Amino acid sequence: MLEILSINLENEMDLPLTHKKAVGITKYLGLSVATQTAFATAVSEVCRAVIDKTLHSVLSFRAKREDGRWLIRARVVTDCRLSASSQELIYAKRLIPVIDVQPNGEGTVITLQLNLPRSVKISGDLVSRLANHVATAPPESPYEEIKQRNQELNTLSEKKDEQLRLATLLNEKKSEFLSIASHELRSPLTIIKAYAQIGKSFKDKNPEKMAEYLEKINQQATKVNVLIQQLLDLAKIENNKVDYRIEKVELSAFLSETLASVALSHPTHPVMFHANGPVYANIDKLRIEQVLVNLVSNAAKYSPNDKPITVALGEPANEQVIISVTDQGIGLSAENLSRVFDKFFRAEEVAQKVSGLGMGLYITTRIIKGHKGKIWADSKENEGSVFYFSLPVV
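See the structure below:
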């Protein structure tokens with residue numbers, strides 16, 4: 047559906063304008079004078095019925111190709127209720143046989159459809175030229191000029207309002223992120239400091255206890271390092287400064303080796319790997335390892351202890367290979383699933399229970415896109431999730 051023109055219907059002075067625009071559109075397409083007149087009169091009669099009842103309506107002209115044939119639609123969206131038995135609509139229907147009247151909340155949508163003869167040679171390029179012709183045509187009356195200026199100002203105002211809304215939203219997200227980031231970094235540092243202070247008192251008395259505290263410090267230091275690396279990765283990604291060191295890799299062996307290392311970080315969850323044979327792809331080994339770490343860590347984070355995590359390497363198809371990470375965790379609602387790859391997104395119901403910045407899956411998505419692959423997920427609440435990503439094979 048290609049939009050040609052849109053007009054706000056505000057008062058009776060718009061009726062001659064709608065008639066003239068309807069004539070101009072059909073004339074440009076090479077339709078007969080009789081067809082031009084019938085279509086334009088039907089459109090203006092519908093607009094008259096609307097303007098008599100409300101000053102908040104919009105008329106739009108659109109072109110569409112359907113079943114190999116082009117058609118023109120004049121669509122009026124209004125905030126008042128109209129029935130198909132309205133006198134003006136009955137008259138319009140005598141001129142244009144296809145008129146559809148549908149309720150739209152507390153308002154109505156009225157569509158007039160003009161099927162164009164197959165003898166009229168029309169193309170998408172012609173419709174685009176028509177839309178440009180209508181948009182750039184100079185106003186032919188003082189009223190049309192004033193209306194055009196008002197519409198330009200309204201459009202500009204709407205754009206600025208949208209920019210302001212987005213800027214406000216971005217600022218709120220930034221403030222929220224900084225708050226979460228400072229908390230996520232402060233927590234492990236506080237723990238490190240506490241264990242270091244306790245460890246000082248045990249350094250000569252209990253070496254085993256001291257070793258336990260050093261391990262706790264090491265775990266928290268690793269957590270801080272991961273958070274800092276995510277922040278650095280995000281900055282690089284946002285500025286398109288990620289350098290991929292691509293090399294040809296046999297995925298089965300690479301994934302097996304990588305997962306053996308990843309599994310050591312998640313001793314409470316068995317990590318299993320399935321592959322059907324060797325598959326080759328051009329990848330940055332460090333970045334794809336980062337993807338696996340993110341997906342397996344998330345699976346472990348949102349799954350009960352002892353529940354397995356399964357990574358599978360599929361068979362190549364259509365020059366792609368799919369890798370999946372399956373868990374038996376808490377799963378995601380349909381709403382959360384639709385937003386799970388958004389930057390900084392964290393489901394409200396788990397945000398207070400599970401640490402994180404909401405950057406891992408966003409970074410993962412960008413890495414996979416950088417490899418010309420795709421990433422998606424399936425999930426059911428209380429049943430678990432499956433995250434998939436594809437890579438081109440060689």
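Quick note on my numbering: the sequence shown kicks off at 47 and runs consecutively.
A virtual CB, placed ideally from N, CA and C, is assigned to each residue, including glycine.
Just so you know, these numbers come straight off a predicted model, no measurement behind them.
So, with DSSP's three-state summary, where would you put residue i?
{"i": "SER349", "result": "coil"}
{"i": "LEU310", "result": "helix"}
{"i": "TYR434", "result": "strand"}
{"i": "SER132", "result": "coil"}
{"i": "SER379", "result": "coil"}
{"i": "PHE451", "result": "With the chain represented from 47 up to 440, any question about residue 451 goes unanswered, as that position is not in the structure."}
{"i": "ILE263", "result": "helix"}
{"i": "VAL283", "result": "First, the amino acid is wrong: residue 283 is Ile here, not Val. ILE283 falls in the helix class under three-state DSSP."}
{"i": "THR100", "result": "coil"}
{"i": "ILE421", "result": "strand"}
{"i": "VAL439", "result": "strand"}
{"i": "VAL122", "result": "strand"}
{"i": "ALA393", "result": "coil"}
{"i": "GLU258", "result": "helix"}
{"i": "LEU75", "result": "coil"}
{"i": "ARG127", "result": "coil"}
Is it right to say residue i is buried, meaning 16 or more other beta carbons lie within 10 angstroms of its own, or is it exposed?
{"i": "LYS415", "result": "exposed"}
{"i": "ALA327", "result": "buried"}
{"i": "SER103", "result": "buried"}
{"i": "VAL79", "result": "exposed"}
{"i": "LYS246", "result": "exposed"}
{"i": "LEU202", "result": "exposed"}
{"i": "SER307", "result": "exposed"}
{"i": "MET405", "result": "buried"}
{"i": "THR314", "result": "exposed"}
{"i": "HIS65", "result": "buried"}
{"i": "PRO362", "result": "buried"}
{"i": "SER436", "result": "buried"}
Assuming the contact rule is C-beta atoms closer than 8 Å, residue i and residue j should be a hit. Round their C-beta distance to whole Å, please.
{"i": "SER298", "j": "PRO324", "result": "5 Å"}
{"i": "ALA86", "j": "VAL69", "result": "5 Å"}
{"i": "ASN428", "j": "ILE376", "result": "6 Å"}
{"i": "GLU293", "j": "LYS331", "result": "7 Å"}
Going by DSSP, what residue range makes up the beta strand (DSSP E) through residue i?
{"i": "ASP146", "result": "144-150"}
{"i": "THR87", "result": "No beta strand (DSSP E) contains THR87, which is instead part of the alpha helix (DSSP H) from 79-97."}
{"i": "ILE369", "result": "366-372"}
{"i": "VAL104", "result": "103-112"}
{"i": "THR411", "result": "That residue, THR411, is in no beta strand (DSSP E); its alpha helix (DSSP H) goes 406-416."}
{"i": "VAL357", "result": "355-359"}
{"i": "ALA327", "result": "326-329"}
{"i": "ASN54", "result": "48-55"}
What are the boundary residues of the alpha helix (DSSP H) that residue i is part of?
{"i": "VAL295", "result": "Run containing VAL295: none in the alpha helix (DSSP H); it sits in the beta strand (DSSP E), 293-296."}
In chain order, what are the residue ranges of uninterrupted alpha helix (DSSP H) at least 4 long that sit wholly in the stretch 154-214?
Counting only runs of 4 or more, we get 170-182.
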